[in-house]
Amino acid sequence: MSDLWNGLCQAFWMVVTLDADLVEITLRSLRVTLSALLIASLIALPLAAFLSVRRFRFRRATIAVMNALMGLPPVVVGLLVYIVLSRSGPFGVFGLLFTPTAMIIAQVIIIVPLIASIAHQSLRELWSDYHDLLISMNATQSQRVRAILWDGRRALLTAALAGFGRAIGEVGAIMVVGGNIDHVTRVLTTAIALETGKGDFALALSLGFVLIAMAIAVNIAIHWLTRTEQEGRW
Amino acid sequence: MPLMPLTVKQAVSRRRGQVLVGPVDLTLTPEGVTIVIGPNGSGKTSLLRMLHGIARLNAGTIDWACPLEEAREKQAFVFQTPVMMRRSVRDNLAYPLLLGGTPKQEARNKAEHWAEKVGLGNFLTRQATVLSGGERQKLAIARALIRDPEVLFLDEPCAALDGRAMREVEEILQTAAKGGTRLVMSTHNMGQARRLATEVVFMLNGKIHECAPAATFFETPSTPQAHAFLRGDIVE
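Listed in order, the protein sequences are those of chains A and B.
Those letters in the first sequence? Residues 1 to 234, per the UniProt record's numbering, in order.
Those letters in the second sequence? Residues 1 to 236, per the UniProt record's numbering, in order.
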């Protein structure tokens with residue numbers, strides 16, 4: 001119980017005094033996660049819309065694989081990305097291992113299936129509503145995709161936020177490909193793992209509270225900015 | 001190039017092996033209001049969907065007077081349950097114009113004009129999904145008419161409307177018909193059929209049993225089934 005209390009107090013003081021390390025780690029966490037979220041959304045959302053609108057031979061199999069990949073073990077993803085980016089791997093020449101870019105790549109691989117799957121569930125329902133109307137209006141395939149992406153934007157935001165939640169809390173893969181290097185690849189989750197390993201539970205807890213607060217703050221900020229709760233505004 | 005007449009020969013539409021409608025033969029001339037009537041499950045909706053091209057044509061031919069691509073551009077469809085896009089009233093109305101390449105400002109101006117025309121001028125910025133049933137159907141009809149289609153198919157557009165909303169919808173349709181839009185509409189409401197129809201198509205079990213001018217059909221239906229249907233009997 002005292003660890004919890006100490007953690008809370010320490011977290012409070014670190015935030016109030018704008019602890020330099022905390023700010024640096026937090027900003028890096030945000031930069032890596034938001035970059036991964038942006039790239040993953042650019043891949044996953046059109047993919048989800050395409051799978052909703054287009055009928056093709058292996059569509060069901062593709063959806064099944066996509067859903068299955070939601071449960072991809074992050075540490076395995078980390079290992080695969082590590083092998084691909086290591087000096088002897090196919091992309092070793094780029095020297096990306098143990099950089100924030102490698103962490104972004106791992107996070108993208110982890111959250112693309114999650115965002116695509118959740119988005120697909122919503123867009124499939126929307127498409128069943130719009131199907132006859134858009135065919136009747138003679139909309140082209142790309143116009144159909146754009147229509148459901150735009151009209152389903154609230155549900156897509158939820159999918160993206162789920163991806164953000166998964167990415168910001170991710171530790172296994174980014175520990176493997178990032179290496180938790182101080183001032184280079186250390187983010188909140190890997191720092192928590194490190195402090196826990198060192199037995200500094202109060203600091204680990206304080207970083208944990210900051211992580212939770214940040215995740216909640218980002219969610220609230222996005223909802224507030226996009227006014228998702230106000231019908232007709234967005 | 002004009003869209004009409006429409007010539008349908010031995011047309012059949014199936015779904016999962018079951019015949020929904022057909023084989024049917026039908027010719028629609030360029031003018032007038034064709035009302036499709038018949039009991040539930042007789043194939044009215046399937047006929048309209050097949051003519052419009054939403055339902056698959058499995059056999060026979062549907063020939064417009066112009067090439068099919070051009071024909072698709074010149075027709076519109078209003079569904080029994082209006083499909084409201086998750087947008088404002090103005091954006092719902094502007095959408096078909098934007099699809100056709102109309103500049104955004106011009107589409108918005110035309111949308112506002114049509115919203116006024118159908119009595120939705122005060123709801124321009126309101127989400128279409130929160131409109132009442134009558135308002136939704138008026139919006140759906142305006143959205144269908146905004147591209148000036150030569151043919152408008154309507155699948156029981158007044159099925160869930162009260163008397164007042166029905167009258168408003170009928171006024172919009174009569175104005176459109178006077179403006180040269182060919183209406184092909186299904187209904188269960190015989191009063192409405194008598195008010196609007198210049199031609200009646202009576203359907204039963206997926207086939208056209210009778211196609212006649214409205215006055216002739218309502219005065220002297222030629223088949224016993226049509227006679228029984230007009231009397232209000234159950235027809236099978």
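For every residue, glycine included, the Cβ atom is placed at its ideal position computed from N, Cα and C.
Each of A:Ala102, A:Ile105, A:Leu134, A:Thr99 was checked against the Cα of tyrosine 95 of chain B, and the nearest Cα belongs to A:Leu134. In the structure shown, the three-state DSSP call for cysteine 211 of chain B is strand.
Under the 8 Å criterion on CB atoms, serine 136 of chain A is classed as interfacial with respect to chain B. Inter-segment contact for the segment 170-188 of chain B and the segment 12-26 of chain B is absent: fewer than three beta-carbon pairs are separated by less than 8 Å. The three-state reading of DSSP puts methionine 166 of chain B in helix, counting H, G and I together.
With fewer than 16 neighbouring CB atoms inside 10 Å of its own CB, histidine 113 of chain B falls in the exposed class.
Contacts between leucine 123 of chain A and chain B, judged by CB atoms closer than 8 Å, are missing: the closest CB pair is about 12 Å apart.
Under the Cβ criterion of 8 Å, alanine 159 of chain A is not counted among the residues facing chain B.
Think of a sphere of 9 Å around the beta carbon of arginine 87 of chain B: the chain A residues whose beta carbon falls inside it are Trp150, Asp151, in chain order.
Residue-level contact check: tyrosine 130 of chain A touches chain B, since one or more beta carbons of chain B fall below 8 Å from its beta carbon. The beta carbon of leucine 133 of chain A sits closer than 8 Å to some beta carbon of chain B.
Between arginine 166 of chain A and leucine 114 of chain A, the beta carbon gap of about 6 Å places them in contact (Cβ cut-off 8 Å). Sequence-ordered contacts of the segment 88-117 of chain B with chain A read Ser88, Tyr95, Pro96, Leu99 [C-beta pairs closer than 8 Å]. Interface with chain A (8 Å Cβ-Cβ cutoff): glutamate 135 of chain B is excluded. For a cut-off of 8 Å, the C-beta gap from leucine 188 of chain A to threonine 17 of chain A is around 17 Å, too long to register as a contact.
If you check the CB distance, valine 184 of chain B and valine 151 of chain B come in under 8 Å. Under the Cβ distance rule, phenylalanine 123 of chain B does not count among the residues neighbouring chain A, no pair being separated by less than 8 Å.
Leucine 51 of chain B and isoleucine 62 of chain B do touch by the CB rule: their CB atoms are close to 6 Å apart, below 8 Å. When the Cα atoms are used, glutamate 24 of chain A and histidine 183 of chain A turn out to be separated by approximately 8 Å. Interface residue (Cβ-Cβ distance to chain A less than 8 Å): valine 83 of chain B is classified as such. From the beta-carbon of alanine 76 of chain B, the residues of chain A found nearer than 9 Å are Ser136, Met137. Within the segment 42-67 of chain B, contact with chain A at the beta-carbon level (separation under 7 Å) is assigned to His52, Ile54. For glutamate 73 of chain B, the chain A residues whose Cβ falls inside 8 Å of its Cβ are Asn138, in order along the chain. Between alanine 142 of chain B and alanine 115 of chain B, the C-beta gap is smaller than 8 Å, which places the two residues in contact. In the DSSP assignment, aspartate 132 of chain A falls within the unbroken alpha helix (DSSP H) covering 100-136. Beta-bridge partners assigned by DSSP to valine 184 of chain B: B:Thr34, B:Phe153. Put simply, of B:Ala226, B:Gly191, B:Ala214 the residue whose alpha carbon is nearest the alpha carbon of isoleucine 208 of chain B is B:Ala226. Residue contact check for glutamine 107 of chain A against chain B: no CB pair falls below 8 Å. Annotation: Cβ neighbours of glutamine 143 of chain A in chain B (cutoff 7 Å, chain order): Leu99. According to the DSSP assignment, lysine 9 of chain B belongs to the beta strand (DSSP E) that extends over 6-15.
When 9 Å is used as the limit between beta carbons, phenylalanine 79 of chain B is near these residues of chain A: Asp132, Leu133, Ser136, in chain order. Straight across, the Cα-Cα distance linking alanine 191 of chain A with leucine 207 of chain A is about 8 Å. Per DSSP, the continuous alpha helix (DSSP H) segment holding proline 46 of chain A begins and ends at 20-53. By the neighbour-count criterion, in which a residue is buried when 16 or more other Cβ atoms sit within 10 angstroms of its Cβ, phenylalanine 79 of chain B is buried. Taking all protein chains shown into account, methionine 1 of chain B has fewer than 16 neighbouring C-beta atoms within 10 Å of its C-beta and is therefore exposed. In this structure, alanine 139 of chain A lies near leucine 99 of chain B, with their beta-carbon atoms less than 8 Å apart.
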